[in-house]
Structures are given as structure tokens and as C-alpha cells.
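Visitor: Residue numbers (my numbering): 104 to 483. In this text, a Cβ means the ideal position worked out from N, Cα and C, and glycines have one as well. Please read through the structure below; I'll follow up with questions.
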Ligand SMILES: Cc1ncc(COP(=O)(O)O)c(C=O)c1O
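Shown next, in the form of C-alpha cells:
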């Protein structure tokens, strides 16, 4: 494995220091919750090794009432990131090939790269509404392809793979005898009806998710993968046992408490997501220098700065942070142009969101950005 740190982690707000950021529009979750939000007593928790698959009640709650799924199909992991790592390192070697729909969450690209396998990218484009073209996916599949990796709702765009297209992707991957990895970390944040867990559509489909985004508790690092295939489950469990044997019993107890109040929190979340979404939508509709592909889920979007703004993005981000205290997720976090950036509109308060958006508009027109842009152009 050739590990390399990812810009999205190096430049993450927690690594920069939360107190340095006035308006944090870079986060991709609902607001983080304190432990006091839980009606939970941890004092009598026996600090033993837990069930290697994960606490049975936790796995039961995750399987929920999804048709065909039981607790046996769920492996609790260290966040969705841990699940993605287990899947990539269990399934891929240098001689294998992977199809990644990009942009994608950085780990879905970086771990396969560290393994050194062959990767084909299917690039989603702003000007095509980030729509997925299944013919491109099919054309990218090779005899040694192990899996196709997609994310829906999508980070950073918030765009969703429609249900009929997901079904077609399930059928396409089955036809070619390859696995389908669906990173559905934002599934419960889809606007309108929440789609069924992808892994319930076939035993060649693997779902990944966590409590970080929808539940706002990334600090307990609890996620999972779901597969109906017992051979894959045994392989993934072997990987988990070699990485850390079992998960944290404390984290899993908190995770159970979080999932027990799933319905209450979902309603609360939806209200916050709707309010933040309305604020961003209004801003974009009245801001001539910014355009977007309107998201259909999650709590994030990936707007684009108009070429007419004539700015150097590096200068823009610097001035945005230093003069307007606003931090967003620049395009390079997702291997995209820095003329685009991710906004998380549910983590900040509505007041901070409004001030951050106003900061973006001001920075786009700031003379210091224009001056720095002119210097950058002269240097070219
Ligand atoms: C699509 C997606 N997958 C996985 C992760 C990893 O999240 P975690 O490990 O906190 O569950 C993230 C985090 O941003 C994400 O956006």
C-alpha cells in the first residue's frame, strides 16, 4: 500500500482548528450533537471486546425492516471510511480493475490508488447535470473489473441516481459479473421518499453508510457495510478482525441510542435541511456569478463560479477566509476545478450560513481578489 494524505483531510476544518473559522460552510453533515442529547447511561458499560460483527442490537436497527435484510448482513465498521477501506483492500489487488464514478468521496479513489490497481473513471459533468451515463459505465468494465463504485446521494453535488437508473445499474453489474459498491452515506437525507438500501437489491451489491452525516455524530466513528453474500461477509469480517478485532463497545452503545430515536431526528433534520436549502437556493438565484446543479438530496451542494467573474480561485479562497472568515470545500478536495466549491448548508446555524454566503459574494468582488488575479495572470 502506498498511502498518501488526501487534501480533504489535510485541509479539513478539524485539522485547521474549528475556532479559527467564523462561518464554517465546509461541513458535509447536520450539526454535530453533544453526548447530552442522548438519554444514555454509560457508567455500567463493561469494557470488553464486543461482538466482532458489531453489537447485535445495532446491526438489527441498521437492517431495520428492509425486505430481505437481517442483522447477519451488517458489519459495523469504523465509520463509512472504515467500511470503504475494508472493501477496497479485501477486493482489489494490483492485477484488478475498478470503475469509479467521479467526483466521488476521496477514499473511494485514494485507497484503490494506494493498492495500485487499475482504475477507470466515469466523470460526471456539471453541464450534463451530473447525470450518470450507464453506457459509459458499461464501456469501462473489463474482464478483471472487481466492482463499480458509485455514491448516491452524491458528495459533493447532492445529486441523486434515480431509482430506475439504480435498478438498471444493479442489472448491468450483475450481467457483467461484477460487484456494485453503493456509498449511500446520505441515503436518509434524500429529499422525498428515501430509497431502499441498495444491498437489498442483490447479493452482488454492497452498501456503505454511517451515523456521521444524518445523525451528526462523526465523533463515535460508527459506520457499516451491508452485503447479503456470506462469502463476502466472511472476507470483510476477516479484514475487520485484522485491523482492530472489534469496534468500540462505548461507540456502539451510543450508536444504538442514536438509531432508537431515528424517526424523531429525521423530522428535525429534514426541517433544518429544508431551511438551509431554501437559503442557499435564494442566494444562488440572486447571485449572477454563481450557478449550480440543484441537489436532490443530502445537505451539500457544489456551486460553480462563473468564468465571467474573472478570478484566480487561489486568491478567492484566501480572501474569503482571511477577510470574510468563511470556509468552504474547494474543488480540489474532489479532484475538480477550484472554480467549484462545496457548501454544507445544514451544519452552520442559519445566521452563519447567511453571513458565509454574503462573504462569498463579497469575496468574488473584492479588489484584493482582482489585484491578486492580475498578478497571477502576469506571472503566467
Ligand atoms: C460519501 C461519503 N462516504 C463516506 C464518508 C466517510 O464518513 P464517515 O467515515 O465519517 O462515516 C463521507 C464523509 O464525508 C462521505 O461523504
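Please classify residue 328: does DSSP put it in a helix, a strand, or coil?
Guide: Correct three-state label for residue 328: strand.
Visitor: Between the alpha carbons of residue 423 and residue 258, how many angstroms are there, rounded?
Guide: Computed Cα separation, rounded: 22 angstroms.
Visitor: Should the segment 392-399 be called in touch with the segment 177-195, which here means at least 3 C-beta pairs below 8 angstroms?
Guide: Not touching, per the Cβ criterion.
Visitor: In terms of residues, what are the limits of the alpha helix (DSSP H) holding residue 274?
Guide: Segment 266-278, the alpha helix (DSSP H) holding residue 274.
Visitor: Is it the case that the Cβ atoms of residue 250 and residue 272 are separated by a distance below 8 angstroms?
Guide: Not in contact: residue 250 and residue 272 (Cβ atoms no closer than 8 angstroms).
Visitor: Residue 399 by DSSP, collapsed to three states: which one?
Guide: The answer is coil: DSSP assigns residue 399 none of H, G, I, E or B.
Visitor: Using 7 angstroms as the cut-off, classify the Cβ of residue 121 as near or not near the heavy atoms of ligand 1, replying yes or no.
Guide: Checking every heavy atom of ligand 1 against the Cβ of residue 121, none is found closer than 7 angstroms.
Visitor: Using alpha carbons as the reference points, say which of 212, 189 and 294 lies closest to residue 109.
Guide: Taking only the C-alpha atoms, the option nearest residue 109 is 212.
Visitor: Closest to residue 105 by C-alpha separation, out of 208, 215 and 115, would be which residue?
Guide: Measuring from the Cα of residue 105, the nearest candidate turns out to be 215.
Visitor: Would you call the segment 436-448 and the segment 464-482 touching, i.e. three or more CB-CB distances under 8 angstroms?
Guide: Not touching, per the Cβ criterion.
Visitor: Give a yes or no on contact between the segment 306-320 and the segment 279-297, applying the rule of three or more CB pairs nearer than 8 angstroms.
Guide: Yes, they touch.
Visitor: Do the segment 426-433 and the segment 109-124 meet, that is, are 3 or more Cβ pairs less than 8 angstroms apart?
Guide: A contact exists between the segment 426-433 and the segment 109-124.
Visitor: Using CA coordinates, which residue listed in 275, 260 and 280 is at the minimum distance from residue 267?
Guide: Looking at the Cα atoms, 275 is the closest of the given residues.
Visitor: Going by DSSP, what residue range makes up the beta strand (DSSP E) through residue 181?
Guide: First-last of the beta strand (DSSP E) with residue 181: 177-181.
Visitor: Please report the distance separating the alpha-carbon of residue 227 from that of residue 236.
Guide: The straight-line gap from Cα to Cα measures roughly 8 angstroms.
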